[in-house]
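>
Numbering (the working numbering), first residue to last: 67 to 257.
Given below as structure tokens:
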């Protein structure tokens with residue numbers, strides 16, 4: 067768990083949970099998404115792109131935070147609804163007090179256990195493929211893999227600095243063929 071917090075730099079302390087923030091009154095929802103029953107990241111992006119010039123800075127910041135958090139930190143199967151309790155956290159500006167690291171670790175670890183416990187589907191077996199979908203904040207897991215398997219550096223990823231949080235230390239712009247990935251994972255001759 068500590069590795070997750072070191073990689074992401076997200077807070078691990080606090081007793082709040084996302085379920086505590088049930089919608090009582092959410093200005094963001096009532097003002098910007100009043101005509102939408104369910105809010106999706108595309109709706110948030112639409113609001114972001116169409117702000118009138120007289121919009122208060124505080125509201126612009128809140129929508130910007132929502133735009134960042136909903137599709138990038140809390141990844142789930144698409145299309146994903148933006149939870150109203152997440153809008154309430156952002157609306158209340160309790161962002162600094164909320165233990166984002168705890169929430170994301172719990173979600174990511176839970177999805178990792180499910181992904182690894184499931185075997186390949188019949189279709190994957192027939193095609194000779196094995197694939198996992200990891201939801202939550204899988205980038206933290208990806209960075210941990212980069213740091214744990216030194217043979218990936220220079221082939222799959224590039225270390226660009228030595229800073230905290232460690233997620234900022236890595237860059238990838240390479241599309242690696244599956245055969246090379248297998249060789250890297252199994253320690254084959256192309257490593």
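Note that the Cβ used here is the ideal one computed from N, Cα and C, for glycine as well.
Within 10 angstroms of its Cβ, does residue 167 collect 16 or more other Cβ (buried), or is it exposed?
The residue given as residue 167 occupies position 101 in the chain shown. Label assigned to residue 167: buried.
> Ends of the alpha helix (DSSP H) at residue 183?
On the chain shown, residue 183 is found 117 positions in, with the first residue counted as 1. 166-183 is the span of the alpha helix (DSSP H), which, as asked, contains residue 183.
> Can you round the beta-carbon distance between residue 233 and residue 211 to whole angstroms, since I take them to be within the 8 Å contact cut?
Taking the chain shown and counting its residues from 1, one reaches residue 233 at position 167. Taking the chain shown and counting its residues from 1, one reaches residue 211 at position 145. With 8 Å as the limit, residue 233 and residue 211 do not qualify as a contact, their Cβ atoms being about 12 Å apart.
> List the endpoints of the continuous alpha helix (DSSP H) containing residue 154.
Looking up residue 154 in the chain shown gives position 88. Note, residue 154: alpha helix (DSSP H), 150-158.
> Give me the Cβ distance between residue 236 and residue 221, rounded to the nearest whole Å; I'm assuming they're in contact under 8 Å.
Reading the chain shown from its first residue, position 170 is the one you call residue 236. Reading the chain shown from its first residue, position 155 is the one you call residue 221. Actually they are not in contact, since the Cβ atoms of residue 236 and residue 221 sit about 13 Å apart, beyond 8 Å.
> Smallest Cα separation from residue 138: which of 223, 117, 203, 153?
Indexing the chain shown from 1 puts residue 138 at position 72. Comparing Cα-Cα distances from residue 138 to each of 223, 117, 203, 153, the minimum goes to 203.
> Contact between the region 73-83 and the region 108-120 is defined here as three or more beta-carbon pairs at a separation below 8 Å; is this criterion met?
With a cut-off of 8 Å, the region 108-120 and the region 73-83 do not count as touching, because too few Cβ pairs lie within range.
> Exposed or buried, what is residue 195 when buried is set at 16 or more other beta-carbons lying within 10 Å of its beta-carbon?
Here residue 195 refers to the residue found at position 129 of the chain shown. The residue in question, residue 195, is exposed, as its Cβ has fewer than 16 Cβ neighbours within 10 Å.
> So is residue 193 buried or exposed if we call it buried at 16+ other beta carbons inside 10 Å?
What you label residue 193 is simply residue 127 of the chain shown in a count that begins at 1. Its Cβ having fewer than 16 others within 10 Å, residue 193 is exposed.
> Does the count of Cβ pairs from the region 146-157 and the region 121-134 closer than 8 Å reach three?
Yes, the region 146-157 is in contact with the region 121-134.
> Starting from the Cα of residue 149, find the closest Cα among 104, 77, 207, 76 and give me that residue.
In the chain shown, residue 149 corresponds to position 83, counting from 1. Closest option to residue 149, Cα to Cα, is 104.
> Residues bridged to residue 219 by DSSP?
For the purposes of this step, residue 219 is taken as residue 153 along the chain shown, with counting starting at 1. Partner(s): 223.
> Checking the sheet assignment: what are the DSSP bridge partners for residue 237?
Locating residue 237 in the chain shown gives position 171, counting from the first residue. BP columns for residue 237 point to 224.
> From the DSSP output, read off the bridge partner residues of residue 141.
If you number the chain shown from 1, residue 141 lands on position 75. The partner list for residue 141 (beta bridge, DSSP) reads 202.
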